[in-house]
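Heads up, the thing below is written out as structure tokens.
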DNA sequence: ATTACACATCGACGCCCATCGAACTATGCA
DNA sequence: TGCATAGTTCGATGGGCGTCGATGTGTAAT
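Chains as they are written, first to last, in this note's numbering: chain A, 3 to 228; chain B, 3 to 228.
Structure, rendered in structure tokens:
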């Protein structure tokens with residue numbers, strides 16, 4: 003005996019229905035707030051909070067503070083993998099019902115977050131940059147690589163004034179609609195400004211919506227791919 | 003909510019320390035008795051019994067009655083895979099200590115089980131036959147395939163008298179030393195007789211040990227491979 | 001500053017379930 | 001036929017933990 007308290011602890015954590023629901027909800031890859039998770043779990047926020055604390059103590063989930071919200075997400079792919087395999091064993095059936103997010107399709111697509119691009123297009127841009135190796139994401143920190151600097155310069159963004167600013171050049175920002183990270187910081191701001199400049203997008207007055215033209219959206223989508 | 007009671011149930015089953023120990027012990031691939039598992043789990047036999055009942059109800063383990071013993075083993079590879087991945091996540095550390103089995107090396111190597119070959123060599127023979135597609139193992143049943151019939155005939159075993167007998171031609175038998183299946187039934191008996199006949203092995207008087215000659219063991223190991 | 005919202009903490013309640021003793025069943029051995 | 005061993009079932013006990021109400025802390029908006 004006393005050879006595997008680890009696996010037992012893991013099982014206990016997953017074994018509670020409320021926590022299982024929480025983990026299942028997070029398996030979508032999205033980061034959710036405690037309140038949303040409490041709906042998924044079917045328990046009160048207090049109970050959810052204590053569950054999240056335990057899950058975080060076991061390093062199954064990670065927490066990101068963003069303003070007065072706290073977004074929770076699975077710690078890494080390995081956790082997701084284990085959950086997937088467990089669901090496979092338990093025969094994957096049933097799907098998520100409560101789908102959080104904004105109702106306005108345009109807001110969901112593209113909008114400003116402070117001064118940078120958020121929404122699906124913002125997320126897409128960020129993920130393309132990561133995939134191309136132009137930026138590296140490590141936990142909360144995001145850094146621009148050498149190839150990234152070249153790419154940014156080619157796109158017509160002057161890095162010199164940006165690096166002088168006290169604002170961090172790169173920062174990741176969590177999306178409240180798709181709940182994935184996108185690029186913030188002064189570079190994120192510079193990207194959005196450049197999009198305006200090129201006529202790819204316009205800001206809609208009195209709203210946070212960023213309206214991309216058909217051609218502008220095409221350009222953005224193929225920006226990195228090219 | 004109510005979208006994943008499955009995964010929660012699974013977690014609960016694995017979550018109990020006693021059951022986790024049981025599953026960990028079975029992860030070796032060996033089949034163990036309830037009493038042995040109670041030692042591994044650190045609880046009494048009664049408690050172990052109730053645990054085994056639950057694990058079996060969830061189809062995580064399978065049970066094989068053999069005489070007055072009941073051997074328990076993991077249900078299939080998928081269960082083992084999930085447990086492996088969970089151990090990986092919980093950082094695999096610590097190892098099994100209680101290693102059940104006979105102390106006599108010769109008995110472990112090869113011995114008669116009623117009238118057929120048991121021990122490591124018996125297991126090896128059976129697994130080779132399965133790998134070559136000569137026999138098919140399905141749960142408890144073992145059947146000789148077409149290619150198997152040819153192979154057996156080539157080896158010098160006449161199937162006609164065997165198939166007339168009321169005894170089942172093929173039967174799987176669980177090994178008490180290595181805890182894996184080997185071939186029993188009238189065919190298993192015929193194999194052992196043939197080994198004697200070919201001078202590959204001799205029965206040691208007053209013991210269950212089957213002594214293979216160096217050459218005989220070589221022949222046996224390469225019997226299927228050739 | 002005040003209000004509102006998100007989340008954490010504390011404390012108490014209640015229930016589920018693991019545990020073991022005792023009795024029962026089944027198989028093997030002499 | 002009797003004894004021993006392996007395992008299950010039943011019932012009672014106890015502890016651990018999930019649950020929620022109330023309260024406290026931090027952040028954003030007006």
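We put the CB at the ideal spot given by N, CA and C, even for glycine.
Between the beta-carbon of residue 113/B and the beta-carbon of residue 120/B, is there less than 7 Å?
yes
Quick one: grab the DSSP three-state call for residue 153/B.
helix
If you draw a straight line from the alpha carbon of residue 132/A to that of residue 221/A, how long is it in whole angstroms?
18 Å
Given a limit of 9 Å on CB to CB distance, which residues of the stretch 5-35 of chain B reach chain A?
5, 6, 7, 8, 9, 10, 11, 12, 13, 14, 15, 16, 17, 18, 19, 20, 21, 22, 23, 25, 26 and 27
My guess is that residue 80/B and residue 91/A are in contact by the Cβ rule of under 8 Å, so how many angstroms apart are they, rounded?
6 Å
Quick one: using the 10 Å Cβ neighbour count with 16 as the cut-off for buried, is residue 73/A buried or exposed?
buried
If I follow the unbroken beta strand (DSSP E) through residue 2/A, where does it start and stop?
For chain A, the structure presents residues 3 to 228; residue 2/A sits outside this window and is missing.
When the Cβ atoms of the stretch 10-20 of chain B are set against those of the stretch 11-24 of chain A, are three or more pairs found closer than 8 Å?
yes
In whole angstroms, give me the CA-to-CA distance for residue 135/A and residue 47/B.
58 Å
What residues in its chain sit with their C-beta under 8 Å from that of residue 202/A, if we drop five residues either side in the sequence?
214, 215, 217, 218, 219, 221 and 222
Just verifying my parser: in three-state terms, what is the DSSP assignment at residue 1/A?
Any question about residue 1/A goes unanswered here, given that chain A covers just 3 to 228.
State the DSSP-derived secondary structure class of residue 182/B, mapped to helix, strand or coil.
coil
Figure out for me which residue from 22/B, 89/B and 147/B has the closest Cα to the Cα of residue 54/B.
22/B
Kindly indicate if chain A contains any beta-carbon less than 7 Å away from that of residue 91/B.
yes
Spell out whether any CB of chain A is found under 7 Å from the CB atom of residue 86/B.
no
By how many angstroms is the C-alpha of residue 77/A removed from the C-alpha of residue 185/B?
48 Å
Which same chain residues end up closer than 7 Å to residue 157/A when comparing Cβ atoms and leaving out the 5 residues on each side of it in sequence?
196
With respect to the alpha helix (DSSP H) encompassing residue 15/B, which residues constitute its N-terminal and C-terminal limits?
7-17
Considering only DSSP beta bridges, list what residue 148/A is partnered with.
The partner list for residue 148/A (beta bridge, DSSP) is empty, contrary to what the question assumes.
Whose CA, out of 25/B, 149/B, 225/B and 148/B, lies closest to the CA of residue 84/B?
25/B
DSSP state of residue 63/B mapped onto helix, strand, coil:
strand
My guess is that residue 58/A and residue 65/A are in contact by the Cβ rule of under 8 Å, so how many angstroms apart are they, rounded?
6 Å
So the candidates are 118/A, 212/A, 225/A and 182/A; which of them puts its Cα closest to the Cα of residue 33/A?
182/A
Return the CA-CA distance between residue 192/A and residue 35/A, expressed in angstroms with no decimal places.
29 Å
Residue 112/B - DSSP class collapsed to helix/strand/coil
coil
Counting only Cβ pairs nearer than 8 Å, list the residues of chain B close to residue 47/A.
Ordered by position in chain B, no residue passes the 8 Å Cβ test against residue 47/A, which lies about 14 Å from the chain.
So the candidates are 123/B, 211/B, 140/B and 159/B; which of them puts its Cα closest to the Cα of residue 189/B?
159/B
Counterpart residues of residue 73/B in DSSP-defined beta bridges
35/B and 66/B
On the CB-based measure, 16 or more other CB atoms within 10 Å of its CB, does residue 8/A come out buried or exposed?
buried
Between residue 144/B and residue 71/B, what straight-line distance do the alpha-carbon atoms span, to the nearest angstrom?
21 Å
If the criterion is Cβ atoms closer than 7 Å, does the pair residue 118/A and residue 194/A meet it?
yes
Given a threshold of 16 other Cβ atoms within 10 Å of its Cβ, counted over all protein chains shown, does residue 63/A qualify as buried or as exposed?
buried
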